[in-house]
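S.K.: Dropping the structure in here first, questions after.
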Amino acid sequence: MSAPPRVRFAPSPTGFLHIGSARTFIFNWLYARHHDGTMILRIDDTDVDRNTQASLDSIFEGLKWLDLRWDEEYHQSQRLALHQQMAWRIFEQGLAYRDYTPAAQGAEEKPYGEGAWLFNPGMRDLSPEASRRRAEAGEPFVLRFRVPRDGARAVQFRDGVYGYQSKECADIEDFALLRSNGIPTYHMASCADDLELLVSHIIRGQDHLTNTFKHVLIFEALGAAPPQFAHLPLLLAPDGSKLSKRKHGPVVSVTTYRDAGFLPHAYVNFLCLLGWSPKDDREKMSLDELVRAFSFEGINRDNAVVNFQENDPFDPKAVWLNAEYIRATPIEDLARLLTPFVCAAGFHAEPGKMLQVTKLIRERIRLLSEVATVADFFFLDELPPYDPAELIPQKGDRQMALLALQYAREVLTTTDFYHQALEASLRQAAMEISERGWHGSTLKIKTGQMFQPIRVAVCGRKAAPPLFETLEVLGRETCLKRIDRAIAMLK
RNA sequence: GGCGCUAUCGUCUAACGGUUAGGACGGAGCCCUCUCAAGGCUCAAAUACGGGUUCGAUUCCCGUUAGCGCUACCA
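This note's numbering numbers the first residue of the first sequence as 939 and each following residue consecutively.
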């Protein structure tokens, strides 16, 4: 029926890719894919002073990691002529005027005492001749939109998320279209490009909701019907403030999540759940499911809190989702994903071993980076120091630990080194110890009491993957060496 | 200050006038078990406040409060 939508994500390269921006990208992408439309990436780099290459790199790096594609790409800085031309078209129609008031200097107080500022005195009604003369004389000016002041006109539009919106022109200030250096402002450049690129739906943060009235004015001045708008609730910090790089540091940067070992689609999934819901209790959703389920109706109007803490930078739900995705990842794929993290920890990640280790830790890590702490003993030549008290089992003592280790040592010297055989012979050993009693006592040793000293001796800690599989991966030589060391520590 | 937006468990959310207010994360407990996980089960936990409208309000209207946004020659 209607033409497929054209949507755009338009970041400005003035900082790293913000997770709120990432979410805006994702929602645009979902809308485009849901309707077989076109996803446009437009770099809004009109603020020459604040743009940085590092920021641009960060945006592309972040988007690349998210693993979602766009179909067309533009840079506003290469389209300035178009924006200027459109601005002057508005001027020609008498809908904009030159304002020669010098720019307000830096840190001047905002006098919000009585009402809002609407325009600078004397400039709106400068005669066309006077205005042109001063321009020709080289006097700098900003080009301002002439917001209708006569009558009680209101600007209105229908937002896909927030519904019908209306604002009196009397509450809209004469905003700038061109700066005194001739560079278009965000409002001008954005509308000009949305028009020229035939953007049909503008999906962006709610911080633009009130800007939209200005944009509608621009579209109308250019004789065009405004696109459809859909504004997204904002992402907040736990204290209710808007997420900011300044205040909240790395938790707002997409690359932080990548570096911590989030799976991109797990993270996309998490971001989708912030401010949107399929309304049927589904939470873990594949990209396909998200595309199918996405609609503006599912978008909330209330801002959403990213629930990070000072001692834990990641939202627990994001971590949980990531663990879900990790457990759903085939061993071979997961081993490959884990490898860089193992290498980064300074370990030698031999592919065959990675496969074995991955199998044992897949259900024990929530972030890929945790491999370094959870599986270190698989890669280390020598175990880091640990407390010998750890070797002593629950309701046991030093003698019991020693006995268990000595018995284990004996068994492990001869038994076949695969986990079924290891389990059988170590359980047998536990029974034998129990039958004989230990150091004159009639107490029996439970399997748990038998296995804990071995586990600690071999892994250096109590919390570890299943013992027999672990022994198998470690190999006889390493196991015996570590048990010997543990025995020495107990003596 | 002006204008706009918003308000359900700690957090993310469901319930488009009638539900014991549902789910998830996190928390607590139990089960399973060689530890840790994973898995299963159970529990605690919310409609900001005050007025209306209605036989009946989480839901509709108004007010209060609170939060957020915009109010730049930033985007």
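Just so it is clear, CB atoms sit at the ideal spot from N, CA and C, and this is done for glycine as well.
Among THR1194, LEU1155, TYR1012, GLN1144, whose alpha-carbon lies nearest the alpha-carbon of LEU1170?
M.R.: The count along the first sequence starts at 1 and reaches residue 1170 at position 232. Taking only the C-alpha atoms, the option nearest LEU1170 is GLN1144.
S.K.: Provide the residue(s) that pair with VAL945 in DSSP beta bridges, ordered along the chain.
M.R.: Position 7 of the first sequence, counted from the start, is the residue given in the question as residue 945. VAL945 is bridged to MET977, HIS1139.
S.K.: Name, in chain order, the residues that DSSP records as bridge partners for SER1104.
M.R.: One-based indexing of the first sequence puts residue 1104 at position 166. The partner list for SER1104 (beta bridge, DSSP) reads GLN1094.
S.K.: What residues in its chain sit with their C-beta under 8 angstroms from that of GLN1344, if we drop five residues either side in the sequence?
M.R.: Residue numbering aside, residue 1344 sits at position 406 when the first sequence is read from its first letter. Correct list, in chain order: ILE1425.
S.K.: Rounded to a whole number of angstroms, what is the C-alpha to C-alpha distance between GLU1320 and GLY1386?
M.R.: Taking the first sequence and counting its residues from 1, one reaches residue 1320 at position 382. Taking the first sequence and counting its residues from 1, one reaches residue 1386 at position 448. Going from the Cα of GLU1320 to the Cα of GLY1386 covers about 25 angstroms.
S.K.: Taking the CB atoms as reference points, tell me whether GLU1270 and GLY1199 lie closer together than 8 angstroms.
M.R.: Position 332 of the first sequence, counting from 1, holds the residue named residue 1270. Position 261 of the first sequence, counting from 1, holds the residue named residue 1199. Not closer than 8 angstroms, so no.
S.K.: Would you mind stating whether ARG1414 and GLU1328 have Cβ atoms separated by less than 8 angstroms?
M.R.: Along the first sequence, read from residue 1 onward, the residue named residue 1414 stands at position 476. Along the first sequence, read from residue 1 onward, the residue named residue 1328 stands at position 390. Result no, Cβ atoms of ARG1414 and GLU1328 do not sit closer than 8 angstroms.
S.K.: At the level of alpha carbons, what is the spacing between HIS973 and SER1138?
M.R.: Here residue 973 refers to the residue found at position 35 of the first sequence. Here residue 1138 refers to the residue found at position 200 of the first sequence. The alpha-carbon atoms of HIS973 and SER1138 are separated by roughly 12 angstroms.
S.K.: Using the three-state DSSP reduction, which class does HIS937 fall into: helix, strand or coil?
M.R.: One cannot answer for residue 937 here, as it falls past the ends of the chain, which runs 939 to 1429.
S.K.: Measuring CA to CA, which of CYS1210, ASP1009, LYS1255 is closest to SER1233?
M.R.: Position 295 of the first sequence, counted from the first residue, corresponds to residue 1233. Closest by alpha carbon: CYS1210.
S.K.: Starting from TYR1345, trace the alpha helix (DSSP H) in both directions and tell me its first and last residue.
M.R.: Here residue 1345 refers to the residue found at position 407 when the first sequence is read from its first residue. Per DSSP, TYR1345 belongs to the alpha helix (DSSP H) from 1336–1352.
S.K.: Out of ASN1241, MET1223, ARG1265, which one is the CA nearest neighbour of ALA1175?
M.R.: Taking the first sequence and counting its residues from 1, one reaches residue 1175 at position 237. Residue ASN1241 is the option with its Cα nearest to ALA1175.
S.K.: So the beta strand (DSSP E) ALA1114 belongs to, where does it begin and stop?
M.R.: As a position in the first sequence, residue 1114 is number 176, starting the count at 1. That run of the beta strand (DSSP E) goes 1114–1116.
S.K.: State the Cα-Cα distance for the pair PRO1164 and ASP1097, rounded to the nearest angstrom.
M.R.: Locating residue 1164 in the first sequence gives position 226, counting from the first residue. Locating residue 1097 in the first sequence gives position 159, counting from the first residue. Cα to Cα, the separation comes out at about 11 angstroms.
S.K.: For PHE1389, which residues from the same chain have a beta carbon less than 6 angstroms from its beta carbon, with the 5 sequence-adjacent residues on both sides left out?
M.R.: On the first sequence, position 451 is the one that residue 1389 refers to. Within the same chain, PHE1389 has close Cβ partners LEU1405.
S.K.: Relative to the ligand ADP, is the shortest distance from any of its heavy atoms to the C-beta of GLY1098 smaller than 7 angstroms?
M.R.: Judged by which ligands are present, the structure shown has none, so any question about the ligand ADP falls away.
S.K.: Measuring alpha carbon to alpha carbon, tell me which of ARG1196, LEU968, ALA1367 ends up nearest ASP1226.
M.R.: Stepping through the first sequence from its first residue, residue 1226 is reached at position 288. The residue with the shortest Cα to Cα distance from ASP1226 is LEU968.
S.K.: Identify which residue in GLU1067, GLN1022, LEU1064, PRO1202 has its Cα closest to the Cα of TYR1124.
M.R.: Against the first sequence, residue 1124 aligns to sequence position 186. Considering only alpha carbons, the answer is GLN1022.
S.K.: Take the Cβ of HIS1286 as the centre, count every other Cβ of all protein chains shown within 10 Å, and call the residue buried at 16 or more, exposed below.
M.R.: As a first step, residue 1286 is located in the first sequence; it is residue number 348 there, counting from the start. Exposed is the call here.
S.K.: From LEU1305 to MET1223, what does the alpha carbon distance come to, in whole angstroms?
M.R.: In the first sequence, the residue the question calls residue 1305 occupies position 367. In the first sequence, the residue the question calls residue 1223 occupies position 285. Using only the alpha carbons, I get a separation of about 18 angstroms.
S.K.: In angstroms with no decimal places, state the Cα-to-Cα distance between LEU1135 and LYS1217.
M.R.: Indexing the first sequence from 1 puts residue 1135 at position 197. Indexing the first sequence from 1 puts residue 1217 at position 279. C-alpha separation (whole angstroms): 33 angstroms.
S.K.: How about GLN1014 and ILE964: do their beta carbons lie closer than 8 angstroms?
M.R.: The count along the first sequence starts at 1 and reaches residue 1014 at position 76. The count along the first sequence starts at 1 and reaches residue 964 at position 26. No, they are not a contact pair.
S.K.: Pull up the CB-CB distance for VAL1190 and LEU1181, whole angstroms please, since I reckon it's below 8 angstroms.
M.R.: As a first step, residue 1190 is located in the first sequence; it is residue number 252 there, counting from the start. As a first step, residue 1181 is located in the first sequence; it is residue number 243 there, counting from the start. Going by Cβ atoms, the distance from VAL1190 to LEU1181 rounds to 5 angstroms, so yes, they are a contact pair.
S.K.: With DSSP as the reference, label PHE1083 as helix, strand or coil.
M.R.: Counted from its first residue, the first sequence places residue 1083 at position 145. Three-state DSSP puts PHE1083 in a strand.
S.K.: Contact check, LEU1463 vs PHE947 under 8 angstroms by CB: the rounded distance?
M.R.: Nothing about residue 1463 can be read from this structure; the chain reaches only from 939 to 1429.
S.K.: Okay, do the stretch 1029–1037 and the stretch 982–997 touch, 3+ Cβ pairs below 8 angstroms being the bar?
M.R.: The stretch 1029–1037 is not in contact with the stretch 982–997.
S.K.: Could you have a look at GLY1044 and say whether DSSP puts it in helix, strand or coil?
M.R.: Stepping through the first sequence from its first residue, residue 1044 is reached at position 106. Reliability fails at GLY1044, whose pLDDT of 49 lies under 50, so the model's placement of it is uncertain and the value that follows must be treated cautiously. Coil.
S.K.: Taking DSSP as the reference, what is the three-state secondary structure of TRP1258?
M.R.: Indexing the first sequence from 1 puts residue 1258 at position 320. Reduced to three states, the DSSP call for TRP1258 is helix.
S.K.: To the nearest angstrom, how far is the alpha carbon of TRP1187 from that of LEU1412?
M.R.: For the purposes of this step, residue 1187 is taken as residue 249 along the first sequence, with counting starting at 1. For the purposes of this step, residue 1412 is taken as residue 474 along the first sequence, with counting starting at 1. In the sequence as displayed, the identity of residue 1187 is Gly instead of Trp. Approximately 40 angstroms between the Cα atoms of the pair.
S.K.: In this structure, how does DSSP classify LYS1429 when only helix, strand and coil are distinguished?
M.R.: Numbered from 1 along the first sequence, position 491 holds the residue referred to as residue 1429. Correct three-state label for LYS1429: coil.
S.K.: Starting from GLU1011, trace the alpha helix (DSSP H) both ways and give me its first and last residue.
M.R.: Position 73 of the first sequence, counted from the first residue, corresponds to residue 1011. From DSSP, GLU1011 is part of no alpha helix (DSSP H) but of the beta strand (DSSP E) over 1010–1013.
S.K.: Tell me the rounded alpha-carbon separation between ALA1168 and VAL945.
M.R.: Position 230 of the first sequence, counted from the start, is the residue given in the question as residue 1168. Position 7 of the first sequence, counted from the start, is the residue given in the question as residue 945. Taking the straight line joining both Cα atoms gives about 11 angstroms.
S.K.: How is PRO1326 classed by DSSP in three states: helix, strand or coil?
M.R.: The residue you call residue 1326 lines up with position 388 of the first sequence. If DSSP states are grouped into helix, strand and coil, PRO1326 belongs with the helices.
S.K.: Alpha carbon to alpha carbon, what distance is there between VAL1295 and ALA1342?
M.R.: To locate residue 1342, count along the first sequence from 1; it is residue 404. To locate residue 1295, count along the first sequence from 1; it is residue 357. Rounded to the nearest angstrom, the two C-alpha atoms are 26 angstroms apart.
S.K.: Using CA coordinates, which residue listed in THR1150, ASN1058, LEU1081 is at the minimum distance from GLN1103?
M.R.: For the purposes of this step, residue 1103 is identified with residue 165 of the first sequence, where counting begins at 1. Of the listed residues, the one whose Cα sits closest to GLN1103 is THR1150.
S.K.: Alpha carbon to alpha carbon, what distance is there between LEU1228 and THR1416?
M.R.: If you number the first sequence from 1, residue 1416 lands on position 478. If you number the first sequence from 1, residue 1228 lands on position 290. If I take the Cα positions, the gap works out to 47 angstroms.
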